[in-house]
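Asker: Letter by letter, the sequence shown follows residues 0 to 83 in numbering that gives the first Met the number 0.
Every residue gets a Cβ at the ideal spot worked out from N, C-alpha and C, and that includes glycine.
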Amino acid sequence: MKHYIGEIVTMFSESEVNTMVKFKTDIDPDLYLEALASKFWGKPFEHEKGDMYDFGDKATCGGDWQEVDAKIYNKLKIIQELRT
């Protein structure tokens, strides 16, 4: 299993907020983040940033990620660990 830090991108009208998360997965990290993002809000739609999930005036999608080793991953206490 590989260890990652990444972001969930949430858009509120013209504003964008990125939430840092850490996660472990054996699958493609892009797919994992998209699965996480789909749980934040509602129906999927296409956007210039890729697939997003819409709920009224809010939308979210998976963002950038970086692989880290287990030692670093376990020291990251401030970042929330999320699971699909």
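1) Could you have a look at T25 and say whether DSSP puts it in helix, strand or coil?
2) Quick check on DSSP: helix, strand or coil for E13?
3) Count the other C-beta atoms from every protein chain shown that fall within 10 angstroms of the C-beta of L30, then say buried if there are 16 or more, exposed otherwise.
4) Using a Cβ-Cβ cut-off of 6 Å (strictly less than) and excluding sequence neighbours within five positions of H2, which residues of its own chain qualify?
5) Where does K76 sit, in a helix, a strand or coil, going by DSSP?
Answerer: Taking the definition as stated:
1) Sequence index remark: in the sequence shown, residue 25 carries index 26 (1-based). The question names Thr, but residue 25 is Asp in the sequence shown. In this structure, D25 counts as coil in the three-state DSSP scheme.
2) Position 14 of the sequence shown, counting from 1, holds the residue named residue 13. Here E13 sits in coil by DSSP.
3) Within the sequence shown, residue 30 is the residue found at index 31, counting from 1. Counting Cβ neighbours within 10 Å, L30 comes out exposed, since fewer than 16 surround it.
4) Sequence index remark: in the sequence shown, residue 2 carries index 3 (1-based). K23, V67, A69 and Y72.
5) Here residue 76 is taken as the residue at index 77 of the sequence shown, counted from 1. In this structure, K76 counts as coil in the three-state DSSP scheme.
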